[in-house]
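Numbering (this note's numbering), first residue to last: 137 to 220.
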């Protein structure tokens, strides 16, 4: 998938919270990428800045989900400039 279309998909994804993705939404998104390397995805998600909504759910920002998904798709670690 081209970077532009992946970015477009992430930023136009119908999330419940404007700021980003809940864990459930991330899991649903990942269903579209069955070959993603989950170790690389999870490593890239580790230590990201996030927020908590009024339901107590963690909200992961679009940019962090995008970077982690790229890492998982490309089977690589996160690059310093991608980490927030």
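Note that the Cβ used here is the ideal one computed from N, Cα and C, for glycine as well.
Requested in this report: Could you tell me the distance, in whole angstroms, from the CA atom of residue 212 to the CA atom of residue 149?
Outcome: 24 Å
Report task. Can you grab the Cα-Cα spacing for the pair residue 176 / residue 195, in whole Å? Result -> 20 Å
Query raised in the report: Quick one, which of 143, 146 and 154 has its alpha-carbon nearest residue 187's?
Result: 154
Query raised in the report: Once you ignore the five residues that flank residue 151 on each side, which residues in its own chain have a CB closer than 7 Å to its CB?
Result: 157 and 161
Report task. Check whether the Cβ atoms of residue 142 and residue 202 sit closer than 8 Å, and answer yes or no. Result -> yes
Query - Beta-carbon proximity of residue 169 to residue 214, cut-off 8 Å - result: no
Query raised in the report: Leaving out five residues before and five after residue 197 in sequence, what residues of the same chain have Cβ atoms less than 6 Å from its Cβ?
Result: 156
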